[in-house]
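These notes are about the structure you will find just below.
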Amino acid sequence: MEVVFAIPRVEWRVFVPELDESLVPVLDEVTRRNPGELEFHQAVREVLESLGPVVAKHPEYADAEVIRRLCEPERQIIFRVPWTDDAGRVQLNRGFRVEFNSALGPYKGGLRFHPSVYLGIVKFLGFEQIFKNSLSGLPIGGGKGGSDFDPKGRSEAEVMRFCQSFMTELFRHLGEHTDVPAGDTGVGQREIGYLFGQYKRITNRYESGVVTGKGLTWGGSQVRTEATGYGTVFFVDEMLCAAGDSFEGKQVLVSGSGNVALYAIEKVHQLGGRVITCSDSSGYVVDSTGIDLDLLKEVKNGHRGRVSDYAERRGATARFVSDGAVWQVPGEIALPCATQNELDVDSAKRLVANGCSIVAEGANMPTTPDAIRVLRGAGVRFAPGKAVNAGGVATSALEMQQNASRDSWSFEHTEERLAEIMRSIHDRCLETAEEYGTPGDYVAGANIAGFTKVADAMLALGLI
Ligand code: NDP
30 MEVVFAIPRV EWRVFVPELD ESLVPVLDEV TRRNPGELEF HQAVREVLES LGPVVAKHPE
90 YADAEVIRRL CEPERQIIFR VPWTDDAGRV QLNRGFRVEF NSALGPYKGG LRFHPSVYLG
150 IVKFLGFEQI FKNSLSGLPI GGGKGGSDFD PKGRSEAEVM RFCQSFMTEL FRHLGEHTDV
210 PAGDTGVGQR EIGYLFGQYK RITNRYESGV VTGKGLTWGG SQVRTEATGY GTVFFVDEML
270 CAAGDSFEGK QVLVSGSGNV ALYAIEKVHQ LGGRVITCSD SSGYVVDSTG IDLDLLKEVK
330 NGHRGRVSDY AERRGATARF VSDGAVWQVP GEIALPCATQ NELDVDSAKR LVANGCSIVA
390 EGANMPTTPD AIRVLRGAGV RFAPGKAVNA GGVATSALEM QQNASRDSWS FEHTEERLAE
450 IMRSIHDRCL ETAEEYGTPG DYVAGANIAG FTKVADAMLA LGLI
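Residue numbering for the sequence shown follows my numbering, beginning at 30 and increasing consecutively.
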């Protein structure tokens, strides 16, 4: 396949992060107090590496132990979720909700149902969520939850019984001013419906603002389904724009084929780029003429099928590869939209060798720390998930606003609000990076801008 690279190489000053000496004990403490929670350690380290210039400029944060307090969740809830399968057998899962930080507003963050879920995953996601929500500019704190339940292969009735049992415990911790969950991997509108239904039944309250990602006829918002994928692409569009460029004619690599990936593909195509890959946990597809989104949606949403089914139905232009990752394929922009740590050092080197110039994280923490160093060292512009994929939670907050005012906005109006929010997150990242002496560094910009807003609120609220 012939690929033409149209993006000129842009010179950006590359900041290779080192952990400030004063923050080493903080990371040591997190590692010691949360043994075995590797993803959580990784997420904390990545933020702390950006905070050296901040602690130098603001000794008041250290005096009040703001960073240490921020690394300790306000509340961690772990609970038993018993349910019966279709054969009448008792099944058992574990449920989690980590209410991480409420300095800016009620805890807000999704629920993930996936067999890999354990406390360390929920804490990494909750920690990231604090900064993401802060960056969104909306009044929401950070939290995350989920279960090691695997919805794959389960009947509708089994998924419903699981969701009802999960909410039977969780409901007592929720409330539109307290904690507002949403979807994430394995939790879409179907699961949100069952969860909300059980909340309503137990509390006898139609409290629309208690979950987001609802259906349009029962309190949901336009664009919420599309928001994370669309927002990811709006953010990259701003990155391109800042370099005097656009998506027009670009070859784009997307991983995953779930909610984020599908709508990232849709928006790239609308903006004139061409997405040539998608994947799931069984392998990836390369489609040299561009992914046929209608077909992919039909395969994934309609039949809950695999990307191999897509390749089979698509015919000669597409091929399915059962091992490796989409990062082997030449492309100018890479959007990891599947899962954590899916883009490793070898993949990063391959992307660099193939002339990729932008990597923007649609998923949460999909790039390993070493891979990030390779990319940034090679001058690839890298943007972290907490900024890039913030459109999902931002639109959830717009859903809460609509619920509170009993209003419902049009698709166009909501999409325009989303685009504005992504533009402002992008600009805030760049302005903050500049202010702290690391121009063009989206990682430092996102971490510092997200952190300082929460830290200032924590100082203002006293020792709580
Ligand atoms: P979905 O469950 O809808 O989709 C996840 C997709 O990733 C599936 O296609 C899944 O395939 C694929 N996948 C999982 N593991 C791998 C792997 N190792 N290699 C290749 N593909 C894989 O989840 P979402 O799209 O909602 O979420 C994706 C990411 O985006 C997550 O990190 C999530 O936390 C993040 N995110 C999501 C938001 C949202 O609004 N949904 C908001 C912000 C962030 P398979 O079906 O085989 O498992």
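Built from N, CA and C at the ideal position, the CB exists for glycine as well.
As the structure is a computational prediction, the values presented were derived from the model and not from experiment.
Item, Value
"Distance, Phe178 Cα to Arg342 Cα", "31 Å"
"Straight-line gap, Leu199 to Lys173 (C-alpha atoms, nearest Å)", "12 Å"
"Proximity test, Lys137 beta-carbon vs the ligand NDP heavy atom, cut-off 8 Å", "no"
"Chain C within 9 Å of Val388, Cβ atoms only", "Absence of chain C from the displayed structure is noted, only one protein chain being present."
"CA-to-CA distance, Arg452 to Gln227, given in whole angstroms", "37 Å"
"8 Å contact criterion, which Tyr136 and Asp208 should meet: CB distance rounded", "4 Å"
"Proximity of Glu220 and Leu140 at Cβ, strictly below 9 Å", "yes"
"Meets three-Cβ-pair contact criterion under 8 Å: the stretch 261-275 and the stretch 355-368", "yes"
"Residue burial classification, Gly479 (beta-carbon count within 10 angstroms, cutoff 16)", "buried"
"Length of the line joining the Cα atoms of Asp92 and Ala486", "15 Å"
"Integer-rounded CB distance, given that Thr397 should sit under 8 Å from Val374", "7 Å"
"Burial state of Leu86, where buried means 16 or more other Cβ atoms lie within 10 Å", "According to the sequence displayed, residue 86 carries Lys and not Leu. Classification for Lys86: exposed."
"Near the ligand NDP: Leu67 beta-carbon under 8 Å from a heavy atom", "no"
"Nearest to Val110 (by Cα), restricted to the options Arg123, Glu295, Val59", "Arg123"
"contact_flag[the stretch 437-446, the stretch 272-290] where n(CB pairs < 8 Å) is 3 or more", "no"
"Ile305 versus Leu380 - alpha carbon distance", "14 Å"
"Beta strand (DSSP E) segment containing Ile107, residue limits", "104-113"
"Cα-Cα separation, Pro82 to His70", "21 Å"
"Nearest residue (CA-CA) to Val403, options Ala382, Arg446, Leu300, Ser145", "Ala382"
"heavy atom of the ligand NDP below 8 Å from Tyr310 C-beta", "In the sequence under discussion, the amino acid at residue 310 is Ser, which differs from the Tyr named in the question. Yes, the Cβ of Ser310 comes within 8 Å of a heavy atom of the ligand NDP."
"Spatially closest choice to Ile106 from His202, Gly182, Glu58, Ala132, by CA coordinates", "His202"
"Alpha-carbon spacing of Ala473 relative to Lys415, whole angstroms", "11 Å"
"beta-carbon Pro413 near the ligand NDP non-hydrogen atom, thresh 8 Å", "no"
"Rounded Cβ spacing between Ala423 and Leu167 (contact assumed at less than 8 Å)", "6 Å"
"Beta bridge counterpart(s) of Tyr313 as assigned by DSSP", "Ser308, Val350"
"Ala354: CB within 8 Å of a non-hydrogen atom of the ligand ADP", "For the ligand ADP, the structure offers nothing, since it holds only the ligand NDP."
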